[in-house]
Amino acid sequence: MPIALLGSVVSGVVKTMCVSLISEKLLMVVVKSLIKRLVDSSANTLDNELYEVFCKQLEEDQAKSK
10 MPIALLGSVV
20 SGVVKTMCVS
30 LISEKLLMVV
40 VKSLIKRLVD
50 SSANTLDNEL
60 YEVFCKQLEE
70 DQAKSK
């Protein structure tokens, strides 16, 4: 009985971690897309530079996490 309980707990934790990881990646894609639309809607060049730095940092962070 305790082994079955442990198995269900471990599978629940793994499932939660996978869903959390997928949700985080999806959220980052959505945020990046929304920021890009906002940046494209203005004539300001500073926000374009900030967006490029943000994207570069995001790619570096994702490369480190792999």
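Read in order, the letters of the sequence shown are residues 10 to 75 in the numbering used here. We treat Cβ as the ideally placed atom computed from N, Cα and C, and that holds for glycine. Predicted model only: the values in this text are computed from it and were never measured.
Taking only the alpha-carbon atoms, compute the straight-line gap between residue i and residue j and give it to the nearest angstrom.
i	j	result
L47	Q71	23 Å
Y60	M26	29 Å
E69	D49	23 Å
V23	K73	21 Å
V18	V28	15 Å
Which residues in the same chain have their Cβ closer than 6 Å to the Cβ of residue i, if we skip the five residues on either side of it in sequence?
i	result
V38	none
Might you give, ordered along the chain, the residues of its own chain that have their beta carbon closer than 8 Å to the beta carbon of residue i, omitting 5 neighbours on each side?
i	result
I44	Y60 and F63
Establish whether the CB of residue i and some CB of chain D are separated by less than 8 Å.
i	result
S50	Annotation note: the requested chain D is absent from the structure, which comprises a single protein chain.
Take every Cβ of the stretch 55 to 65, pair it with every Cβ of the stretch 24 to 33, and state whether three or more of those distances are shorter than 8 Å. Counting Cβ pairs under 8 Å, fewer than three are found: no touch.
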